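These notes concern the structure reproduced below.
Number of protein chains: 4
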Amino acid sequence: MKPVYRRALIVGAGDGLSASVARLFAKSGLKIGVAARNTDKLKALAAETGAAVHACDATRSDQVEALFAAMDGALGGSPDVVVYNASGRTRGPLIELEPAAVANTIAVSAYGGFLVAQAFAKRALPNRHGAILFTGASASVKGYPNSAPFAMGKFALRGLAQSLARELQPQGIHVAHFVIDGGIRNPGRTEPADAPDSLLDPDAIAESYLHVLQQDRSAWSWEIELRPWVERF
Amino acid sequence: MKPVYRRALIVGAGDGLSASVARLFAKSGLKIGVAARNTDKLKALAAETGAAVHACDATRSDQVEALFAAMDGALGGSPDVVVYNASGRTRGPLIELEPAAVANTIAVSAYGGFLVAQAFAKRALPNRHGAILFTGASASVKGYPNSAPFAMGKFALRGLAQSLARELQPQGIHVAHFVIDGGIRNPGRTEPADAPDSLLDPDAIAESYLHVLQQDRSAWSWEIELRPWVERF
Amino acid sequence: MKPVYRRALIVGAGDGLSASVARLFAKSGLKIGVAARNTDKLKALAAETGAAVHACDATRSDQVEALFAAMDGALGGSPDVVVYNASGRTRGPLIELEPAAVANTIAVSAYGGFLVAQAFAKRALPNRHGAILFTGASASVKGYPNSAPFAMGKFALRGLAQSLARELQPQGIHVAHFVIDGGIRNPGRTEPADAPDSLLDPDAIAESYLHVLQQDRSAWSWEIELRPWVERF
Amino acid sequence: MKPVYRRALIVGAGDGLSASVARLFAKSGLKIGVAARNTDKLKALAAETGAAVHACDATRSDQVEALFAAMDGALGGSPDVVVYNASGRTRGPLIELEPAAVANTIAVSAYGGFLVAQAFAKRALPNRHGAILFTGASASVKGYPNSAPFAMGKFALRGLAQSLARELQPQGIHVAHFVIDGGIRNPGRTEPADAPDSLLDPDAIAESYLHVLQQDRSAWSWEIELRPWVERF
Numbered sequence: 007m008k009p010v011y012r013r014a015l016i017v018g019a020g021d022g023l024s025a026s027v028a029r030l031f032a033k034s035g036l037k038i039g040v041a042a043r044n045t046d047k048l049k050a051l052a053a054e055t056g057a058a059v060h061a062c063d064a065t066r067s068d069q070v071e072a073l074f075a076a077m078d079g080a081l082g083g084s085p086d087v088v089v090y091n092a093s094g095r096t097r098g099p100l101i102e103l104e105p106a107a108v109a110n111t112i113a114v115s116a117y118g119g120f121l122v123a124q125a126f127a128k129r130a131l132p133n134r135h136g137a138i139l140f141t142g143a144s145a146s147v148k149g150y151p152n153s154a155p156f157a158m159g160k161f162a163l164r165g166l167a168q169s170l171a172r173e174l175q176p177q178g179i180h181v182a183h184f185v186i187d188g189g190i191r192n193p194g195r196t197e198p199a200d201a202p203d204s205l206l207d208p209d210a211i212a213e214s215y216l217h218v219l220q221q222d223r224s225a226w227s228w229e230i231e232l233r234p235w236v237e238r239f
Numbered sequence: 007m008k009p010v011y012r013r014a015l016i017v018g019a020g021d022g023l024s025a026s027v028a029r030l031f032a033k034s035g036l037k038i039g040v041a042a043r044n045t046d047k048l049k050a051l052a053a054e055t056g057a058a059v060h061a062c063d064a065t066r067s068d069q070v071e072a073l074f075a076a077m078d079g080a081l082g083g084s085p086d087v088v089v090y091n092a093s094g095r096t097r098g099p100l101i102e103l104e105p106a107a108v109a110n111t112i113a114v115s116a117y118g119g120f121l122v123a124q125a126f127a128k129r130a131l132p133n134r135h136g137a138i139l140f141t142g143a144s145a146s147v148k149g150y151p152n153s154a155p156f157a158m159g160k161f162a163l164r165g166l167a168q169s170l171a172r173e174l175q176p177q178g179i180h181v182a183h184f185v186i187d188g189g190i191r192n193p194g195r196t197e198p199a200d201a202p203d204s205l206l207d208p209d210a211i212a213e214s215y216l217h218v219l220q221q222d223r224s225a226w227s228w229e230i231e232l233r234p235w236v237e238r239f
Numbered sequence: 007m008k009p010v011y012r013r014a015l016i017v018g019a020g021d022g023l024s025a026s027v028a029r030l031f032a033k034s035g036l037k038i039g040v041a042a043r044n045t046d047k048l049k050a051l052a053a054e055t056g057a058a059v060h061a062c063d064a065t066r067s068d069q070v071e072a073l074f075a076a077m078d079g080a081l082g083g084s085p086d087v088v089v090y091n092a093s094g095r096t097r098g099p100l101i102e103l104e105p106a107a108v109a110n111t112i113a114v115s116a117y118g119g120f121l122v123a124q125a126f127a128k129r130a131l132p133n134r135h136g137a138i139l140f141t142g143a144s145a146s147v148k149g150y151p152n153s154a155p156f157a158m159g160k161f162a163l164r165g166l167a168q169s170l171a172r173e174l175q176p177q178g179i180h181v182a183h184f185v186i187d188g189g190i191r192n193p194g195r196t197e198p199a200d201a202p203d204s205l206l207d208p209d210a211i212a213e214s215y216l217h218v219l220q221q222d223r224s225a226w227s228w229e230i231e232l233r234p235w236v237e238r239f
Numbered sequence: 007m008k009p010v011y012r013r014a015l016i017v018g019a020g021d022g023l024s025a026s027v028a029r030l031f032a033k034s035g036l037k038i039g040v041a042a043r044n045t046d047k048l049k050a051l052a053a054e055t056g057a058a059v060h061a062c063d064a065t066r067s068d069q070v071e072a073l074f075a076a077m078d079g080a081l082g083g084s085p086d087v088v089v090y091n092a093s094g095r096t097r098g099p100l101i102e103l104e105p106a107a108v109a110n111t112i113a114v115s116a117y118g119g120f121l122v123a124q125a126f127a128k129r130a131l132p133n134r135h136g137a138i139l140f141t142g143a144s145a146s147v148k149g150y151p152n153s154a155p156f157a158m159g160k161f162a163l164r165g166l167a168q169s170l171a172r173e174l175q176p177q178g179i180h181v182a183h184f185v186i187d188g189g190i191r192n193p194g195r196t197e198p199a200d201a202p203d204s205l206l207d208p209d210a211i212a213e214s215y216l217h218v219l220q221q222d223r224s225a226w227s228w229e230i231e232l233r234p235w236v237e238r239f
């Protein structure tokens with residue numbers, strides 16, 4: 007049996023991967039909601055996709071609750087898909103890191119994912135229907151030097167995703183975690199001439215997100231790795 | 007850039023997953039070749055999909071060479087996709103295992119995969135274009151008790167797939183490994199009434215194989231896990 | 007070359023594993039410091055091992071700094087070994103979890119580990135000498151249902167440990183992460199008569215912690231799994 | 007409860023790691039047997055440690071049986087520890103590999119490990135006492151380019167070790183797998199002056215092998231990674 011999804015909420019939306027996901031999901035017939043701390047950058051996307059926009063700090067439980075309440079109305083019903091794309095990043099040698107920045111990186115990368123998943127599940131579990139997609143990174147499965155906070159946040163998000171897959175899938179909620187293993191193409195990054203497609207095209211990533219939504223429940227993916235053909239791994 | 011594939015060879019073909027893959031690939035426009043030690047069971051599939059059929063013991067290098075030579079003709083050119091589905095299985099407590107049966111399980115599950123990948127790569131590498139798909143199992147990532155031979159074969163196949171992904175992807179050959187984590191539905195297996203879709207539908211698995219072929223080379227998957235929504239893992 | 011350690015600080019000390027580690031390290035000649043939020047339970051241990059005791063909430067950076075300052079004096083020099091044993095635990099179905107309790111579990115299990123590692127490294131790096139030992143659990147590598155917060159905390163701690171191993175080991179600081187895969191024996195737990203030694207003896211765990219401290223730097227372990235002989239895994 | 011071991015057989019013995027293990031085990035009181043295809047190189051070791059020496063091709067079941075029969079006599083009883091150190095290695099781009107060399111690499115690296123473990127278990131299981139130690143490599147957990155055969159062999163050996171740990175440990179046989187992640191020091195290799203101890207000292211590795219034998223059965227390790235402090239991983 008293939009679930010059919012109708013309304014997708016994308017949290018941590020910006021103009022990169024989230025915009026590509028919003029566009030592709032909209033094109034495939036889903037109503038779209040997008041949320042970010044700063045919604046200024048979402049106006050063009052909203053105009054293009056008809057997405058409902060809502061400002062939200064995903065690390066605040068009250069704001070996450072308010073977001074879902076707003077989306078219930080704006081989308082004509084609760085979202086049955088949620089994508090958690092937010093993440094924080096603090097780099098540097100261990101001894102130079104600011105504790106507050108580290109705490110914030112963990113909160114945005116992982117704790118916000120928990121709050122969003124919980125608010126989503128409260129609405130989706132009674133219907134035994136829904137999908138939660140988490141965006142991970144190389145750092146989800148490998149702790150790099152001078153990058154302890156990002157490793158902490160991304161490992162924690164993966165732990166959340168795996169625990170929820172085991173807990174929620176038998177209740178009808180598909181949970182998937184994407185390991186984006188490489189840099190994502192954006193206007194500020196140039197690919198070397200001799201290595202075309204060496205940055206992940208966000209539209210291409212979005213196709214794998216959509217594929218996961220289209221999987222029959224007898225053959226669900228929990229984790230999908232994506233990387234450029236030329237990426238060392 | 008999305009590669010476009012034209013001719014797929016499926017090795018270890020039977021009437022389960024391989025048949026589903028053959029049907030779906032044929033439907034999406036690929037010419038199909040199928041190979042197995044015993045080709046009797048492939049007649050209906052060949053009639054349905056127009057597949058070229060060839061008998062082959064994948065653990066014999068001469069037979070694998072002959073298979074590819076035959077397919078070059080039968081498909082009007084070398085296959086640019088190969089799927090390795092063959093596997094052997096010997097169960098039992100360690101001390102009761104027959105050494106010859108263990109050697110055979112490793113040969114069919116892993117060494118044959120090497121021979122097929124090598125013969126394929128000799129043809130595909132000059133074009134810098136192709137895809138190799140390997141079928142794994144729960145035992146690819148977890149060694150179960152009383153199942154040492156299958157663990158050896160499937161771990162080895164995964165090692166092959168990972169090594170080849172690192173070696174061949176930068177040369178244009180996509181390499182993917184599927185972890186099929188659960189039983190595959192077949193006429194001899196009944197699903198419990200209270201757990202519908204608790205066996206993987208081979209047609210559903212085939213859709214993820216096709217999805218991987220359709221990935222843009224900037225966002226290739228190397229490993230994809232698939233399991234039923236109710237599967238413990 | 008084998009590092010020689012002199013002063014060990016154990017954070018998150020209680021009367022279980024931490025006490026066993028303290029006793030064994032003391033017996034092998036190290037001076038011992040122990041820290042916990044509540045130091046009442048540490049009195050007997052201090053009397054037995056001569057350990058310096060200090061109250062500390064490891065999730066507060068000011069208290070962690072104060073702890074290390076106090077130990078510099080109490081141990082006659084900065085610790086060159088630190089063991090991070092603290093962890094929080096919140097169980098329950100996702101939708102019943104209290105956000106504040108989840109945040110606290112992550113903070114105690116992982117963020118405190120960062121603060122302690124950072125304070126330690128500030129003192130140890132100039133000497134290019136030291137060891138950081140982190141205590142993990144089954145949940146460090148497997149996310150269980152109804153246990154998302156613990157998975158988040160323990161995955162995050164493992165990400166921290168792996169990142170620090172890559173960053174600090176080439177600077178002379180050994181970093182090790184222990185996956186304690188099973189229940190630890192304590193007075194409140196009874197082993198089944200037909201499964202002796204089915205709970206991990208904390209004294210036995212401590213021996214592997216000590217072994218890691220005794221490793222030559224040409225052959226350091228980063229991760230060590232420990233489980234009872236009869237444990238399913 | 008700590009098992010006490012009396013007789014250790016080392017298969018695949020040479021003058022590197024195997025010699026270090028033989029020396030340290032002998033020093034700790036075990037009787038030693040060593041086996042290799044070519045026993046010429048074992049004479050000095052035998053003189054030094056009093057080891058019983060036997061020629062054996064570990065990929066031949068009859069020779070493995072004969073080895074154990076010989077050791078039963080030479081050691082005054084069946085070995086209760088076996089170390090499998092043999093491995094083959096074939097390097098090169100996929101398309102240049104010789105099939106026979108690949109088959110041999112898999113046979114020596116993994117199938118021989120199965121034969122040795124089986125012959126050992128037949129003797130050890132009735133006593134519910136024994137230990138099997140497998141030597142892995144970086145390639146046990148990471149498939150490198152241009153090294154498919156070694157990845158196949160070492161992944162397979164790890165699958166064997168994991169399956170046997172789950173099967174045999176509850177029957178009293180400790181099974182451990184060592185991931186030696188780096189080059190091992192030997193007379194032919196020079197360490198850079200600015201990176202002392204950047205190759206694993208085989209005597210240091212041997213200490214971790216001995217430690218595993220000394221573990222209480224309530225806290226057994228299944229897998230131990232060892233790497234030089236400066237190794238990138």
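Residue numbers (our numbering), protein chains in the order written: chain A, 7 to 239; chain B, 7 to 239; chain C, 7 to 239; chain D, 7 to 239. A virtual CB, placed ideally from N, CA and C, is assigned to each residue, including glycine. What you are looking at is a predicted structure, and each value in this text was computed from that prediction instead of being measured.
Under the DSSP assignment, Ile190 of chain A falls outside any beta strand (DSSP E); it carries neither an H nor an E label. When CB distances to chain A are screened at a threshold of 8 Å, the residues of the stretch 120 to 140 of chain C falling below it are Phe120, Leu121, Ala123, Gln124, Ala127, Lys128 and Leu131, in chain order. Chain A places a beta carbon closer than 8 Å to that of Val236 of chain B, counting this residue as a contact. Rounded to whole angstroms, the gap between the alpha carbons of Gln220 of chain C and Leu131 of chain A is 51 Å. Cβ proximity to chain B below 8 Å picks out Glu213, Ser214, His217, Gln220, Gln221, Asp222, Arg223, Ser224, Ala225, Trp226, Ser227, Trp228, Glu229, Ile230 and Glu231 from the stretch 213 to 231 of chain A. The alpha-carbon separation between Phe31 of chain A and Arg195 of chain A amounts to approximately 25 Å. When C-alpha distances from Ser214 of chain C are compared across C:Phe140, C:Val236 and C:Pro155, the shortest belongs to C:Phe140.
Here Val40 of chain A really is in contact with Ala28 of chain A; their C-beta atoms are around 6 Å apart, less than 8 Å. Annotation for Lys49 of chain D: the continuous alpha helix (DSSP H) segment containing it runs Lys49 to Thr55. Around the CB of Gly35 of chain D, fewer than 16 other CB atoms lie within 10 Å, so the residue is classed as exposed.
When the beta-carbon positions are compared, Thr111 of chain A and Arg95 of chain A come within less than 8 Å of each other. Per DSSP, reduced to three states, the secondary structure at Phe126 of chain C is helical.
In the displayed model, Phe74 of chain B falls within a helix according to three-state DSSP.
Counting C-beta pairs closer than 8 Å gives three or more between the stretch 136 to 153 of chain C and the stretch 84 to 91 of chain C, which meets the contact rule. For Phe31 of chain A, the closest Cβ of chain B is not nearer than 8 Å. The beta-carbon distance between Asp21 of chain D and Lys47 of chain D, rounded to whole angstroms, is 6 Å. This is short enough to meet the 8 Å contact definition.
With respect to the C-alpha of Ser144 of chain D, the residue from D:Ala64, D:Leu206, D:Leu23 and D:Ile186 having the closest C-alpha is D:Ile186. Excluding the 5 residues flanking it on each side, Ser146 of chain A has same chain C-beta neighbours closer than 6 Å at Lys160, Arg164 and Val185, in chain order.
Going by DSSP, Val87 of chain D is part of the beta strand (DSSP E) stretching over Val87 to Tyr90. When C-alpha distances from Phe74 of chain B are compared across B:Gln124, B:Phe239, B:Ala19 and B:Ser26, the shortest belongs to B:Gln124. A direct Cα-Cα distance of roughly 11 Å separates Leu232 of chain B from Ala212 of chain B. Arg13 of chain D carries a strand assignment under DSSP once its states are collapsed to helix, strand and coil.
The criterion of a C-beta distance shorter than 8 Å is satisfied by Leu23 of chain A and Ile190 of chain A. In this structure, Ser93 of chain A lies near Val114 of chain A, with their beta-carbon atoms less than 8 Å apart. Each residue's CA atom was taken as its position, placing Gln175 of chain B and Ser169 of chain B some 10 Å apart.
If you check the CB distance, Ala116 of chain A and Met77 of chain C do not come in under 8 Å. Rounded to the nearest angstrom, the gap between the Cα atoms of Ala14 of chain D and Ile101 of chain B is 20 Å. Per DSSP, the continuous beta strand (DSSP E) segment holding Phe140 of chain C begins and ends at Gly136 to Ala143. Not a single C-beta of chain B is nearer than 8 Å to the C-beta of Pro151 of chain A. In the three-state reduction of the DSSP assignment, Val236 of chain C falls in the coil class, being assigned neither a helical nor a strand state. Per DSSP, Gly39 of chain A is not a residue of any alpha helix (DSSP H); the beta strand (DSSP E) it occupies stretches across Lys37 to Ala42. According to DSSP, residue pairing for Ala182 of chain A in a beta bridge involves A:Leu139.
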